[in-house]
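Visitor: Residue numbering for the sequence shown follows this note's numbering, beginning at 1 and increasing consecutively.
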Amino acid sequence: MRKDTTDVSLGFSSIIESLWLSLKSSTTRHQSLESKEKEIADFFEIIHGYLASLELKLKRPIIADKEAIEKKINIDIAELRYLVNKANVICSAEEIIDEESSAASTEPTSQFALSRIIESIGASSTLQSFVNDNRNNIFSPDINNNNNPDSTPMLDIIQKYIGILQHNTPTFNNNKNLWEDYLVTANHLDYSQLESIISKSIKVTTKNTRYILSTHSKGATLHNTSENTIEELKLSRQFSDTFQSMVPIGEYIYVFGGYANQNKWCRVSVGSKSIDLNGAMNGIEGDSSISVAYDGHDHIYLVSGAWNNRIDRFNINTKAFEKIVSFPGVSEKLMMVSTMIYRGKLYSISRGKPWMYEFDLTSFNGLNNNEPKQNQPHKTNIVAFTACHDSNGNFYIHTVDQFIKLNVETKQQTRLTPLHTNAFLVYHRASSTSSYIYSFGGEKGNFRYPIDQDQTKQPKWEQFFQDDRKDRSWCGSASVSIGNK
1 MRKDTTDVSL GFSSIIESLW LSLKSSTTRH QSLESKEKEI ADFFEIIHGY LASLELKLKR
61 PIIADKEAIE KKINIDIAEL RYLVNKANVI CSAEEIIDEE SSAASTEPTS QFALSRIIES
121 IGASSTLQSF VNDNRNNIFS PDINNNNNPD STPMLDIIQK YIGILQHNTP TFNNNKNLWE
181 DYLVTANHLD YSQLESIISK SIKVTTKNTR YILSTHSKGA TLHNTSENTI EELKLSRQFS
241 DTFQSMVPIG EYIYVFGGYA NQNKWCRVSV GSKSIDLNGA MNGIEGDSSI SVAYDGHDHI
301 YLVSGAWNNR IDRFNINTKA FEKIVSFPGV SEKLMMVSTM IYRGKLYSIS RGKPWMYEFD
361 LTSFNGLNNN EPKQNQPHKT NIVAFTACHD SNGNFYIHTV DQFIKLNVET KQQTRLTPLH
421 TNAFLVYHRA SSTSSYIYSF GGEKGNFRYP IDQDQTKQPK WEQFFQDDRK DRSWCGSASV
481 SIGNK
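1) From the DSSP output, in three-state form, read off Ser-439 for me.
2) Using three-state DSSP, classify Pro-418 as helix, strand or coil.
3) Which one or two residues does DSSP pair with Phe-465 in a beta bridge?
4) Answer yes or no: do Lys-411 and His-378 have a C-beta to C-beta separation smaller than 8 Å?
5) What is the C-beta distance between Ser-477 and Leu-213, in whole angstroms, given that I count them as a contact (C-beta under 8 Å)?
6) Among the candidates Phe-243, Tyr-449 and Val-247, whose CA atom is the shortest distance from the CA of Gly-258?
7) Going by C-alpha distance, which of Ser-192, Lys-470, Asn-74 and Asp-312 is nearest Leu-233?
8) Here's the rule I'm using: 16 or more other beta-carbon atoms within 10 Å means buried, otherwise exposed. How should Ala-293 be labelled?
9) With DSSP collapsed to three states, give me the class of Phe-44.
10) Straight-line CA distance for Leu-462 to Ser-479?
11) Kindly list the residues whose CB is nearer than 8 Å to the CB of Asn-394, restricted to its own chain and excluding five residues on each side of it in sequence; keep chain order.
12) Would you call the CB atoms of Asn-486 and Asp-295 closer than 8 Å?
13) For Gln-262, is the classification buried or exposed, using 16 other Cβ atoms within 10 angstroms of its Cβ as the cut-off for buried?
14) I'd like to know if the segment 244-251 and the segment 22-36 are in contact, where contact means that at least 3 CB-CB pairs between them fall below 8 Å.
15) Counting along the chain, where does the beta strand (DSSP E) carrying Leu-406 start and finish?
16) Just the C-alpha distance for Ser-473 and Phe-440, rounded to the nearest angstrom, thanks.
17) With a CB to CB cut of under 7 Å and the five nearest residues on each side skipped, what residues in its chain are close to Ile-121?
18) Which residues in the same chain as Phe-424 place their Cβ atom closer than 8 Å to its Cβ, once the five residues preceding and following it in sequence are excluded?
19) Looking at Cys-266 and Lys-282, is the spacing between their C-beta atoms short of 8 Å?
20) For Ile-198, count the other beta carbons within 10 Å of its own beta carbon; 16 or more makes it buried, fewer makes it exposed. Which is it?
21) What three-state label does DSSP hand Trp-307 in the structure shown?
22) On the premise that Arg-351 lies in contact with Met-335, defined as a C-beta separation below 8 Å, what is that separation, rounded to the nearest angstrom?
23) I'd like the span of the beta strand (DSSP E) that includes Ile-254, first residue to last.
24) Do Asn-208 and Ser-481 have their beta-carbon atoms positioned less than 8 Å apart in this structure?
25) Between Val-204 and Lys-59, what straight-line distance do the alpha-carbon atoms span, to the nearest angstrom?
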């Protein structure tokens, strides 16, 4: 009963841990998307501000003249209102406005919408029609003379004398020449050209996202190193003894053999986060700890294993396996910890022995029992525990207490800072300017090493994913890049 309870508790713990990792991953992703959204908004805010500034610069003299005209209209309207007030003291229709009246008020007509006044003036062909149109607002008796409710007839008196005033009043300058005249020349904007300029200045694309698939004895974990997120994948496969048996091609990772799957292969799709292909390793011997390398074209080469000294290959198009050659002159078992194909040659680092094996593939076509030419093995004096490579001519080899970079062409060795625990290495290009060697030990510790830094300054291993409780020893890892090149 206690065992059942323990199993249930462990099951709940696993589910809770998986949910927490999923929440952390989703939150980090959401925050990243918000950041990208703000970048776009900030870019266009600058453009909006620039266009608004240009608009204001062009409109500024026009606005200044408008304000001056509005001020004059206010003054003129106030004078008209003043005349109406004066009309209230006229005793008969024959009297003329008292010449001794005081100056007109120039208070602005704030209680009337200036735009409405301007519209009315523009629509009125004569002063009389303007007065008629505004009897109930500008010239309303309630406004112009609150103390004289009979002031409305006075408007009639003024209207009778408008003709006399217009006839007897000298013609004054109508101020047409006081204001600047403007000519606005606006050519049709080529929006396609504008769109082209903006599209060259800002783009939203799916960036080159970089991942590491790190497997363990019961599944796999996907590390998004671009977004710094971690996601546990539900893959129904056991990955023990596949440390050197995984090779990435595009968004896919091919896995061959392993402790529990010695006669099987599969393909993991990082895009769909699932195993999308699998099958039997027909035509060759199954094994665990098979060292694999991609030739950049149609074939993945399978080298040795825990029990076999051989080179076979797998056609990624036909999914067929093909026997190539056994290691000539080798009677003891050779386990290879890392294999790389570089400039037409296959290089392989043996585990526990100071040798690098080399095969020339340039004249090998797999026809008529043709075999790749084996060159003389190179003694490295490096007894490898594990190793990885950068696909660019360099192996990174970790012994029990040393970490060494070995160039396959020059045979030059560079001492690096060793990791003082078991190292299970994978090379990962984090960006166009930085690369790291990762070590996935799971519960024994996960670390990374900055390979592009000045090695004379002895850079240190950095620990990450410290709450990992998975068993990743001798389980494979692979680096994948997906997106725009």
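No residue lacks a Cβ here, since even glycine has one placed at the ideal position from N, Cα and C.
Small disclaimer: the values here were computed from a predicted structure and weren't measured.
Guide: In this structure, then:
1) strand
2) coil
3) Phe-465 is not bridged to any residue.
4) yes
5) 6 Å
6) It is Phe-243.
7) Lys-470
8) buried
9) Note: Phe-44 maps to helix in three-state DSSP.
10) The sequence as given places Glu at residue 462; Leu does not occur at that position. Each residue's alpha carbon lies about 18 Å from the other.
11) Closer than 8 Å at Cβ, skipping near neighbours: Lys-405, Leu-406, Asn-407 and Val-408.
12) Here the chain has residues from 1 to 485 only, and residue 486 is not among them.
13) buried
14) no
15) Taken as a continuous stretch (DSSP letters only), the beta strand (DSSP E) holding Leu-406 covers 403-407.
16) 8 Å
17) Phe-130
18) Phe-243, Thr-386, Ser-439, Phe-440, Gly-441, Arg-472, Ser-473, Trp-474, Cys-475 and Ser-477, listed in sequence order.
19) Looking at the sequence provided, one finds Asn at residue 282 rather than Lys. Contact: no.
20) exposed
21) DSSP, reduced to helix, strand and coil, places Trp-307 outside both helices and strands of the structure shown, so it counts as coil.
22) 5 Å
23) It is Tyr, not Ile, that sits at residue 254 in the sequence shown. Here the beta strand (DSSP E) through Tyr-254 covers 252-256.
24) Yes, the pair counts as a contact, with Cβ atoms nearer than the cut-off.
25) 35 Å
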